[in-house]
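All remarks here apply to the structure that follows.
In my numbering, the protein residues as written are 1074 to 1360.
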């Protein structure tokens, strides 16, 4: 289960699942603010309101995405919320066109965090007082081992955030590398229309379990990312780590693992063709 919620009881930690996206005033307001973004982040109102209603007996609030719980951070910063708040910051706070104007807002958000977590020490955070800790985003090895990984002949890729499947497909065709792409409709590139027996494309919704049961037979796994300053591809990196596959991945601020130094893959610059000439070189890396 994501974020290890199923492991909490082992540490004598209890948690309560709150049902969201239920019809009501906060549901309507959230939809309004999704379409008309406010000048300062306020987070998901339904989530925060229901959390405030469930504070009896609670020792701490764990916010797994800082943009979802902005109001809770404001309340904590001004002393209106007495329960400690631990925040997971996904993306650097020094990016964007109006970064200078938003810096005071980020500082207030961080002031409302008793501790700040991030997946990478490369993630920039505007905070001078809050405690910061880097936590590693890793695979559930028991799950991957039960899949029974084996090595096939295809380089496979899947994912949904900031992907560049078009360049990946061009590279595979040029290198004559059999490949399989699993993506959504919004990631379809014009090159997908060109028939090519080397690359199989599966477009549409698949569960993560369905995807992993295909990835387990990959020769190697690619994470083709667009050039960006946001953390991206962390969950997809768990697949090659858990399945013992070689990985092709660009450098990304959210990933501070050097796959080449560890001998588990190759770094590929965004929007560039990989240097791998054929699938046999990748096969040597996988072994």
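For glycine and all other residues, C-beta sits at the position ideal for the given N, C-alpha and C.
- With fewer than 16 other Cβ atoms from the protein chains shown falling within 10 Å of its own Cβ, residue 1218 counts as exposed.
- By alpha-carbon distance to residue 1171, the top candidate from 1288, 1077, 1112, 1196 is 1112.
- Contact between residue 1292 and residue 1225 holds: CB atoms are separated by about 6 Å, below the 8 Å threshold.
- Put simply, the backbone Cα of residue 1307 is about 23 Å away from that of residue 1143.
- Within its own chain, the residues whose Cβ lies closer than 6 Å to the Cβ of residue 1167, once the five positions on either side in sequence are excluded, are 1197, listed in chain order.
- The DSSP assignment places 1188 to 1191, 1204 to 1207, 1228 to 1231 as complete runs of the beta strand (DSSP E) inside the stretch 1168 to 1236, in order along the chain (cut-off: 3 residues).
- With a threshold of 16 other beta carbon atoms within 10 Å, residue 1309 meets it and is buried.
- Around the beta-carbon of residue 1130, fewer than 16 other beta-carbon atoms lie within 10 Å, marking it exposed.
- When DSSP states are grouped into helix, strand and coil, residue 1125 belongs to the helix group.
- Residue range 1307 to 1316 is occupied by the alpha helix (DSSP H) that includes residue 1315.
- Per the C-alpha coordinates, the member of 1304, 1316, 1097 positioned closest to residue 1192 is 1304.
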